[in-house]
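Since the structure comes first, as structure tokens, the remarks are kept for the end.
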């Protein structure tokens with residue numbers, strides 16, 4: 001991650017807009033105001049809980065009990081269990097579409113109950129809460145101005161369970177932030193290098209080529225790599241080394257429909273990352289690719 005991040009004091013989310021009683025005047029629309037736009041409160045949830053168990057409902061129940069006027073938006077609860085890299089991709093791809101004032105509660109936490117710690121990120125008026133396992137890395141990498149904090153357990157809501165910090169710690173904390181409290185009261189700023197950075201978080205350019213990790217396989221079988229368009233959009237034709245030892249030649253396509261039948265090529269995905277894709281077929285099934293796997297792109301042009 002770029003070390004241009006710098007810790008700084010931040011007031012967090014300013015004011016309790018979006019809570020009960022925040023209504024506008026009746027009558028015709030007023031003339032445009034020069035006052036700063038009030039931040040729009042919402043909670044955004046991202047978990048690997050699925051929908052078969054009561055965990056999502058309990059998380060939402062705590063939020064509704066503590067901040068009943070703040071809407072709750074589900075980004076996804078279908079992250080594959082324990083796949084932190086997929087959650088990191090979902091967060092990085094989704095948060096730019098939310099307004100200032102959004103509070104993201106991200107719970108893909110295979111280390112819950114261990115000393116792994118909880119962290120936060122503030123950028124553009126938004127707040128993101130997550131375990132310190134790399135989940136915030138991709139979002140923070142794209143935001144050099146982000147303020148990262150390590151949350152102090154002594155200042156956080158007390159957990160009722162050692163295995164459900166999303167419900168017992170992060171949800172009550174999010175409600176307090178929505179009510180106007182500052183993140184500065186719950187943790188101190190840190191540098192990106194102070195936080196967890198798993199191997200999948202950063203592509204490696206070495207003499208033999210570019211080592212990339214699979215972040216996600218979508219329902220169409222498109223394979224999202226950890227190659228952001230922000231940094232890697234110039235990649236074109238390459239030789240692709242797959243985990244099973246197979247070597248294939250790939251090129252760039254503007255759309256999925258431009259990929260020749262039976263071939264796998266690179267596409268600039270709508271979520272801001274390069275994808276391995278096939279037209280009307282699953283590139284993941286064709287090449288046995290899953291999140292967490294590594295591929296090598298060599299002789300890229």
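In our numbering, the protein residues as written are 1 to 301.
Heads up, the beta-carbon is just placed ideally off N, CA and C, and yes, glycines get one too.
Note that this is a predicted model, so its numbers are computed, not measured.
Exposed unless 16 or more other CB atoms sit within 10 angstroms - verdict on residue 154: Taking the first residue of the chain shown as 1, we reach residue 154 at position 154. Under this definition residue 154 is an exposed residue.
Residue 309, enclosing alpha helix (DSSP H) - first and last residue: With the chain covering only 1 through 301, there is no way to say anything about residue 309.
Reduced DSSP secondary structure (H/G/I, E/B, other) of residue 210: On the chain shown, position 210 is the one that residue 210 refers to. Residue state, collapsed to three classes: strand.
C-alpha gap between residue 53 and residue 77, whole angstroms: Taking the first residue of the chain shown as 1, we reach residue 53 at position 53. Taking the first residue of the chain shown as 1, we reach residue 77 at position 77. So the two alpha carbons sit approximately 11 Å from each other.
CB contact flag (residue 290, residue 214, <9 Å): For the purposes of this step, residue 290 is taken as residue 290 along the chain shown, with counting starting at 1. For the purposes of this step, residue 214 is taken as residue 214 along the chain shown, with counting starting at 1. Note that the C-beta distance between residue 290 and residue 214 is below 9 Å.
Contact check, residue 91 vs residue 72, beta carbons under 9 Å: Translated into the one-based positions of the chain shown, residue 91 becomes position 91. Translated into the one-based positions of the chain shown, residue 72 becomes position 72. At the C-beta level, residue 91 and residue 72 stay beyond 9 Å of one another.
8 Å Cβ shell around residue 247 - same chain, five flanking residues per side excluded: As a working mapping, residue 247 is identified with position 247 in the chain shown. Around residue 247: 239, 240 and 241.
Alpha helix (DSSP H) runs wholly inside the stretch 71-153, at least 4 long, in chain order: With a minimum length of 4 residues, the continuous alpha helix (DSSP H) runs that stay inside the stretch 71-153 are 84-94 and 137-141.
Same chain, Cβ closer than 6 Å to residue 235, neighbours up to 5 away in sequence not counted: Within the chain shown, numbered from 1, the residue matching residue 235 stands at position 235. Around residue 235: 300.
Distance between beta carbons of residue 130 and residue 136, contact taken as under 8 Å: Walking along the chain shown from the start, residue 136 turns up at place 136. Walking along the chain shown from the start, residue 130 turns up at place 130. About 5 Å separates the beta carbons of residue 136 and residue 130, which is inside the 8 Å limit, making them a contact pair.
Classification of residue 166 by the beta-carbon crowding that lies within 10 angstroms, buried from 16 upward: Mapped onto the chain shown, residue 166 falls at position 166. Looking at its Cβ environment, which holds 16 or more other Cβ atoms inside 10 Å, residue 166 is buried.
Counted within 10 angstroms of its Cβ, other Cβ atoms place residue 261 as buried (16 or more) or exposed: The count along the chain shown starts at 1 and reaches residue 261 at position 261. Its Cβ having fewer than 16 others within 10 Å, residue 261 is exposed.
Neighbour-count burial assignment, residue 126, 16 or more Cβ in a 10 Å radius: Sequence index remark: in the chain shown, residue 126 carries index 126 (1-based). Burial state of residue 126 is buried, judged by a 10 Å Cβ sphere holding 16 or more other Cβ atoms.
DSSP three-state assignment for residue 224, whether helix, strand or coil: Here residue 224 refers to the residue found at position 224 of the chain shown. It is a strand residue.
Distance between beta carbons of residue 295 and residue 212, contact taken as under 8 Å: Taking the first residue of the chain shown as 1, we reach residue 212 at position 212. Taking the first residue of the chain shown as 1, we reach residue 295 at position 295. Contact flag correct, Cβ pair sits at about 5 Å.
Outcome for residue 189 when other beta-carbon atoms lying within 10 angstroms are tallied against a minimum of 16: Translated into the one-based positions of the chain shown, residue 189 becomes position 189. Result: buried.
Beta-carbon proximity of residue 118 to residue 59, cut-off 9 Å: Translated into the one-based positions of the chain shown, residue 118 becomes position 118. Translated into the one-based positions of the chain shown, residue 59 becomes position 59. Inclusion of residue 118 and residue 59 in the CB contact set at 9 Å is not warranted, their separation being larger than that value.
Residue interval of the alpha helix (DSSP H) (run including residue 231): Locating residue 231 in the chain shown gives position 231, where the first residue counts as 1. Looking at the DSSP string, the run of the alpha helix (DSSP H) that includes residue 231 is 229-232.
Cβ distance (whole Å) where residue 84 is taken to contact residue 108 below 8 Å: By 1-based counting over the chain shown, the position of residue 84 is 84. By 1-based counting over the chain shown, the position of residue 108 is 108. Between residue 84 and residue 108 a beta carbon distance of about 5 Å is seen, short of the 8 Å cut, so the two are scored as contacting.
Assigned exposure category for residue 41 - 16 Cβ within 10 Å defines buried: As a position in the chain shown, residue 41 is number 41, starting the count at 1. Burial state of residue 41 is buried, judged by a 10 Å Cβ sphere holding 16 or more other Cβ atoms.
Backbone secondary structure at residue 239 - three-state DSSP: Within the chain shown, numbered from 1, the residue matching residue 239 stands at position 239. It is a strand residue.
Segment limits, alpha helix (DSSP H) that includes residue 61: For this step, residue 61 is matched to residue 61 along the chain shown. Per DSSP, residue 61 belongs to the alpha helix (DSSP H) from 55-66.
Selected residue, minimal CA-CA separation from residue 256, among 162, 93 and 223: Your numbering for residue 256 matches position 256 in the chain shown. The shortest Cα separation from residue 256 among 162, 93 and 223 belongs to 223.
Residue 188 in three-state terms, based on DSSP: Counting from one through the chain shown, the residue named residue 188 turns up at place 188. Residue 188: strand per DSSP, three-state reduction.
Through-space distance from residue 104 to residue 123, alpha-carbon basis: Against the chain shown, residue 123 aligns to sequence position 123. Against the chain shown, residue 104 aligns to sequence position 104. Approximately 12 Å, taken between the alpha carbons.
Nearest-angstrom Cα separation, counted from residue 106 out to residue 254: Here residue 254 is taken as the residue at index 254 of the chain shown, counted from 1. Here residue 106 is taken as the residue at index 106 of the chain shown, counted from 1. Counting only the Cα atoms, residue 106 lies some 32 Å from residue 254.
Identity of the residue in 164, 139, 177 and 203 nearest residue 293 by Cα: Counted from its first residue, the chain shown places residue 293 at position 293. Out of 164, 139, 177 and 203, 203 has the C-alpha closest to the C-alpha of residue 293.
Inter-residue Cα distance where the pair is residue 79 and residue 250: Position 79 of the chain shown, counted from the start, is the residue given in the question as residue 79. Position 250 of the chain shown, counted from the start, is the residue given in the question as residue 250. Roughly 28 Å separates the two Cα atoms.
Residue 278 and residue 288 closer than 9 Å at C-beta: Numbered from its first residue, the chain shown carries residue 278 at position 278. Numbered from its first residue, the chain shown carries residue 288 at position 288. Not closer than 9 Å, so no.
Proximity below 9 Å, CB of residue 162 to CB of residue 43: Numbered from 1 along the chain shown, position 162 holds the residue referred to as residue 162. Numbered from 1 along the chain shown, position 43 holds the residue referred to as residue 43. For residue 162 and residue 43, no; Cβs fall outside 9 Å.
Straight-line gap, residue 128 to residue 243 (C-alpha atoms, nearest Å): Translated into positions along the chain shown, residue 128 becomes position 128. Translated into positions along the chain shown, residue 243 becomes position 243. In a straight line, the C-alpha of residue 128 is about 34 Å away from that of residue 243.
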